[in-house]
Amino acid sequence: MTILGIIPARYASSRFPGKPLVDIAGKSMIQRVYEQAKKCVSLAEVIVATDDERIFAHVNAFGGVAVMTGTDHQSGTDRCAEIASLHPEYDVIINIQGDEPYIDPEQITKLVACFTDANTQIATLIKKITTQEELFNYNSPKVVINKLSEAVYFSRATLPHIRGQEPDNWLEFYTYFKHIGIYGYRADVLQQITKLPISGLEKAESLEQLRWIENGYRIKVAETELETHAVDVPSDLEKLKLFE
């Protein structure tokens, strides 16, 4: 297999404009993500996909590879699909989040390993939930999985509901997982899923992966024990000081 890593990066974020270019201990966020991704030996190439000239120029300035995309993409998946269409030589595309400056290359490697199974169409990572705060954090999607290590459903709600038990005790009766938002796709599947219309479940939960499930695509999951530290708003930068 030949594997391409793509980091979607846009400047216009409603919660944190200019986020890819914010300075983190002397380097921009996008540079840190790019350098971490390059450490993954499974990736033949890493490309930053952006619709902003400032990000494009900055990535080229630090020696990275950037490609300009269209400005009308609704998601990082759509941006990845545009870049992937220009590179038919790759079998698998890895969509790497551009707001996790200290992503561990091992997580990318674990995701890539899902594609050693020829039946894998799409893959993502999950992590066991161990605290009440995580369990009832509606900004952190949960994943229900089956015996084949495939995602059955993603939800911002806490699923499943444990009947007859107080919510404070739910972790004692079921193993819950949260979603780690890095994706891998077979190249042909990526092109297919971006052509699907927005689904009812996707609208309800505001989770694009539900569109894929609703249309019959299977999402393989791999469990990681590594925590991710995404930067959604400026205040999240404080927690990154542990890594500096």
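In the working numbering, the protein residues as written are 163 to 406.
Just so you know, even glycine gets a beta-carbon here, dropped at the ideal spot from N, CA and C.
Predicted model only: the values in this text are computed from it and were never measured.
Item	Value
Which whole-angstrom value is the C-beta distance of A211 and L205, which I expect to be below 8 angstroms?	About 14 angstroms; that fails the 8 angstroms criterion.
By DSSP, does G238 sit in helix, in strand, or in coil?	helix
Helix, strand or coil, according to DSSP, for H220 in the structure here?	helix
Please report the Cβ distance between L287 and T386, rounded to the nearest whole angstrom; I am assuming they are in contact, meaning their Cβ atoms lie under 8 angstroms.	5 angstroms
Quick check: the Cα distance between S190 and E328, rounded to an integer number of angstroms?	45 angstroms
Closer than 8 angstroms by C-beta to S247: which residues in its own chain qualify, once you throw out the five before and the five after it? Chain order, please.	Q353
With a threshold of 7 angstroms on Cβ separation, who are the neighbours of L229 within its own chain once the five nearest residues in sequence on each side are excluded?	According to the sequence displayed, residue 229 carries Val and not Leu. Excluding residues within five positions, the ones whose Cβ falls inside 7 angstroms are I209, A211 and I245.
Anyone know if the C-beta pair for P170 and G225 falls short of 7 angstroms?	no
Measuring alpha carbon to alpha carbon, tell me which residue in I342, E367 and L297 is nearest I270.	I342
Leaving out five residues before and five after C276 in sequence, what residues of the same chain have Cβ atoms less than 7 angstroms from its Cβ?	T282, A285, G346, K382 and A384
Ordered along the chain, which non-local residues of its own chain (more than five positions away) have a Cβ less than 8 angstroms from that of E376?	S361, G362, L363 and E364
Span of the beta strand (DSSP E) holding E385?	I381 to E385
Scan the segment 163–238 and note each continuous alpha helix (DSSP H) run of 4 residues or more that stays entirely inside, going in chain order.	191–200 and 215–223
Could you please give me the residues that DSSP links to S475 through a beta bridge?	Absent from the model: residue 475. The displayed extent of the chain is 163 to 406, so no value can be given.
Using three-state DSSP, classify T278 as helix, strand or coil.	helix
Taking DSSP as the reference, what is the three-state secondary structure of T271?	helix
Starting from the C-beta of G238, find all residues in its chain whose C-beta is less than 7 angstroms away, skip the five residues before and the five after it, and write them out in chain order.	P170 and N257
Quick check: the Cα distance between N299 and T278, rounded to an integer number of angstroms?	33 angstroms
Check L363 in the structure and name its three-state DSSP category.	helix
Please classify Y336 as buried or exposed, where buried requires at least 16 other C-beta atoms within 10 Å of its C-beta.	exposed
Nearest to V227 by alpha carbon, out of Y264, Q193 and E251?	Q193
Excluding five sequence neighbours on each side, which residues of the same chain lie with their C-beta closer than 7 angstroms to the C-beta of V195?	I169, I258, G260, E262, P263 and I265
Excluding five sequence neighbours on each side, which residues of the same chain lie with their C-beta closer than 7 angstroms to the C-beta of D213?	R172, M230, T231, G232 and T233
How long is the line joining the alpha carbons of K289 and E296, rounded to whole angstroms?	11 angstroms
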